[in-house]
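Q:
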Amino acid sequence: MYDQAKYLIHADITADGVVERSDVVGAVFGQTEGLLGEDLDLRDLQESQKLGRIDVEITSEGGQSFGEITIASGLNRVETAILAAAFETIERVGPCRATVEVTDLEDVRSAKRREVVERATQLLAEFDESSLSSQDIVEEVREAV
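First residue of the sequence shown? That's 12 in the working numbering, and the numbers climb one at a time after it.
Below you can see the structure in the form of structure tokens.
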């Protein structure tokens, strides 16, 4: 995953034919190029490391392809949402008709904060279990004497 990601764009893709990862990546670049202007050009954003690589997992079954696209974004929330909406304008992948639907805009920092809270809660519970009350200390000293 892209190390400086603030957000992850998750999208499902369905194509009416057998397509490969490279077809999907090509469609993302090709069909969004020039759509949003120079400031949100995918190639420029990747070169400036504001956008991670386009991760595609795709499987084909029964003459159709299904998969998930994940893209890490270091852009702000509004720009990330605009890019995500642009991905939904993709209509073809390779020679096949296709649909892309954004399923989630994940705030990576929010997920990390939840992990921090969960771990802090665990650590505090372990700490509370291992600490002795003053009465326990008195009893332990009496037993030792």
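For each residue, glycine too, the CB sits at the ideal point set by N, CA and C.
All figures in this text were calculated on a predicted structure; none of them were measured in a lab.
Check each candidate in E99, R130, E137 and name the one with the smallest Cα separation from T25.
A: If we check each option's Cα against that of T25, E99 comes out closest.
Q: Could you check the C-alpha separation between Q75 and G105 for me, to the nearest Å?
A: Their backbone Cα atoms lie some 13 Å apart in a straight line.
Q: In angstroms with no decimal places, state the Cα-to-Cα distance between T80 and L135.
A: For the record, residue 80 in the displayed sequence is Ile; it is not Thr. Cα to Cα, the separation comes out at about 38 Å.
Q: Rounded to whole angstroms, what is the Cα-Cα separation between G45 and D52?
A: About 7 Å.
Q: How would you label G63, buried or exposed, when you count the other beta carbons within 10 angstroms and need 16 or more for buried?
A: By the 10 Å Cβ count, G63 comes out buried.
Q: In this structure, what does DSSP give as the bridge partners for Q75?
A: Q75 is bridged to E72.
Q: May I ask which residues mark the beginning and end of the beta strand (DSSP E) holding T110?
A: Segment 107-118, the beta strand (DSSP E) holding T110.
Q: Since T25 sits in a beta bridge, which residues does DSSP pair it with?
A: Looking at the DSSP assignment, T25 forms a beta bridge with F77, T110.
Q: Please say whether V67 and V29 have beta carbons closer to each other than 8 Å?
A: No, Cβ-Cβ distance for V29 and V67 is not below 8 Å.
Q: Is E31 helix, strand or coil by DSSP?
A: In the structure shown, E31 sits in coil (DSSP, three-state: anything other than H, G, I, E or B).
Q: Could you check if G41 is buried or exposed, using at least 16 other CB atoms within 10 Å of its CB as the buried criterion?
A: With fewer than 16 Cβ atoms within 10 Å of its Cβ, G41 is classed as exposed.
Q: Could you name the residues of the same chain whose beta carbon sits closer than 7 Å to that of D23, not counting the 5 residues immediately before and after it, in chain order?
A: Counting only Cβ-Cβ distances below 7 Å, and skipping sequence neighbours, we find E79, E112, T114.
Q: Kindly list the residues whose CB is nearer than 7 Å to the CB of R153, restricted to its own chain and excluding five residues on each side of it in sequence; keep chain order.
A: If we look at R153 and ignore the five residues flanking it on each side, it has no Cβ neighbours.
Q: Look at the alpha carbon of R103 and the alpha carbon of R54, and state the distance between them as a whole number of angstroms.
A: So the two alpha carbons sit approximately 20 Å from each other.
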